[in-house]
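Numbering (my numbering), first residue to last: 6 to 397.
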């Protein structure tokens, strides 16, 4: 399939709760997954799509025609309604469809629409097919009967970028009623919307999220301008479901007076000082029975005050965790640090396929498209772009 300058429709799928199924079903799960994969490939290929990759517990496919993508998702879900097709194990698969301009290099696709499609899928529940406004606009009146769409409105996805208007595919043989979408609105938070998508740093995201499972204070260290703030915000969005009482971003950059650090944390929660108590005491009293994550951003010019507040918050209750960003550690008991490094500079002599796998080059291409939506990296410009990314 050739990618179109008018846009490619992307389909992401994922088996909900696959980790628990592996633990529960063992060997049966392996055979069931083989059945799932065969059904997935067949649904895509019968509808003129290509499977870009199987993801272990799902797939990522691309289509020239959005109607074909809808038909593939529908066909797969209808086939999965019968557990006999998957070794007697009922799979709850969630789906996300989005359309946008992407680049194809070798056997992979690149571009922010790829990330967006994955985020739409992650907002769904098992058995639910979600479709973006871009897909709906292109499909127009070509919905295959008896399919219809349910307008779910505008939602904030976990990439923190602009809200996405999404629809649910409705079919008489499929479940139609689901809980609220797994969007940013589903759990309390004050994570600010970002004007650009988050690109790259997949390894760092995975490592930091794993560290947060075992430590209650994790400080991201690095010099200014590396993207520590954006990284911490993305971590907060990704782990939001683990904290039923929310993820709370505390921007310390504008604060000059160390005594105002507790005020910033309290304001993020909408708390006011209670009579007879300091603001820190009010905070700690409030947090005793709460499970939440604070993101303390830009601690370096207020290290002592941030350390004092962090220590108090961690002692307020067992389920309070803190992710901090700073140029230096807070140096309190229990702190673990993680060094954030610059994006790896690409090799200007590498071929274009190799360059497009570079986080730095992908970031450059995505930002260039903000000014020129159809910008595409070509062989002629690739060395200059690589050299510019290395300098930046």
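Here a beta-carbon is modelled for each residue, glycine too, at the ideal position from N, C-alpha and C. On a predicted model such as this, the values are computed, not experimentally measured, just so you know.
- Closest option to residue 395, judged by alpha-carbon separation, among 373, 348, 376, 357: 348.
- Beta-carbon to beta-carbon, residue 382 and residue 357 are separated by about 6 Å, close enough to satisfy the 8 Å threshold.
- As for any alpha helix (DSSP H) of minimum length 4 sitting wholly inside the region 124-173, the runs are 138-144, ordered along the chain.
- Checking the DSSP bridge columns, you'll see residue 248 has no partner listed.
- Measuring C-alpha to C-alpha distances from residue 267 to each of 289, 281, 251, 82 identifies 289 as the nearest.
- With respect to residue 232, residue 364 sits apart: the two C-beta atoms are not nearer than 8 Å.
- Bridge partners of residue 103 according to DSSP: 15.
- In this structure, the CA atom of residue 106 is about 37 Å from the CA atom of residue 250.
- Relative to residue 336, the option among 271, 158, 304 whose CA is nearest is 304.
- CA-to-CA, the gap between residue 352 and residue 93 works out to about 50 Å.
- Contact check between the region 150-168 and the region 102-116: fewer than three CB pairs, one atom from each, fall below 8 Å, which does not count as touching.
- CA-CA distance, residue 64 to residue 262, rounds to 51 Å.
- For residue 58, the enclosing beta strand (DSSP E) starts and ends at 55-59.
- Ranked by how close their Cα comes to the Cα of residue 370, the residues 223, 137, 202 have 202 in first place.
- Listed in chain order, the non-local C-beta contacts of residue 36 below 8 Å within the same chain comprise 92, local neighbours out to five positions each way being set aside.
- When the beta-carbon positions are compared, residue 48 and residue 77 come within less than 8 Å of each other.
- Residue 189 sits close to residue 242, with the two beta carbons spaced by under 8 Å.
- Burial check for residue 101: the Cβ neighbour count within 10 Å reaches 16 or more, so the residue is buried.
- Counted as a single uninterrupted DSSP element, the alpha helix (DSSP H) harbouring residue 369 occupies residues 364-376.
- Of the other Cβ atoms in all chains shown, fewer than 16 fall within 10 Å of the Cβ of residue 246; this residue is therefore exposed.
- Under DSSP, residue 264 takes part in no beta bridge, so it has no partner.
- Ranked by how close their Cα comes to the Cα of residue 195, the residues 238, 234, 287, 167 have 238 in first place.
- For residue 344, DSSP records a beta bridge to 226.
- Excluding five sequence positions before and after residue 212, the CB atoms of its chain that fall closer than 8 Å to its own CB belong to 343, given in chain order.
- Collapsing the DSSP output to three states places residue 338 in coil.
- Inter-residue distance for residue 260 and residue 329 is about 15 Å (C-alpha atoms, whole angstroms).
- Residue burial annotation: residue 71 is buried, with at least 16 other C-beta atoms found within 10 angstroms of its C-beta.
- When C-alpha distances from residue 200 are compared across 209, 168, 69, the shortest belongs to 168.
- For the pair residue 62 and residue 124, the CB atoms are not nearer than the 8 Å cut-off.
- In this structure, DSSP gives residue 383 a state outside helix and strand, which the three-state scheme calls coil.
- A residue is called buried when at least 16 other Cβ atoms come within 10 angstroms of its Cβ; residue 326 meets this threshold and is buried.
- By the neighbour-count criterion, in which a residue is buried when 16 or more other Cβ atoms sit within 10 angstroms of its Cβ, residue 41 is buried.
- By the Cβ criterion, the region 273-291 is not in contact with the region 219-226, since fewer than three pairs of Cβ atoms, one from each stretch, lie closer than 8 Å.
- In the three-state DSSP reduction, residue 316 falls in the helix class (H, G or I).
- One thing to note: residue 18 has its Cβ within 8 Å of the Cβ of residue 99.
- In the three-state scheme derived from DSSP, where H, G and I count as helix and E and B as strand, residue 333 is classed as coil.
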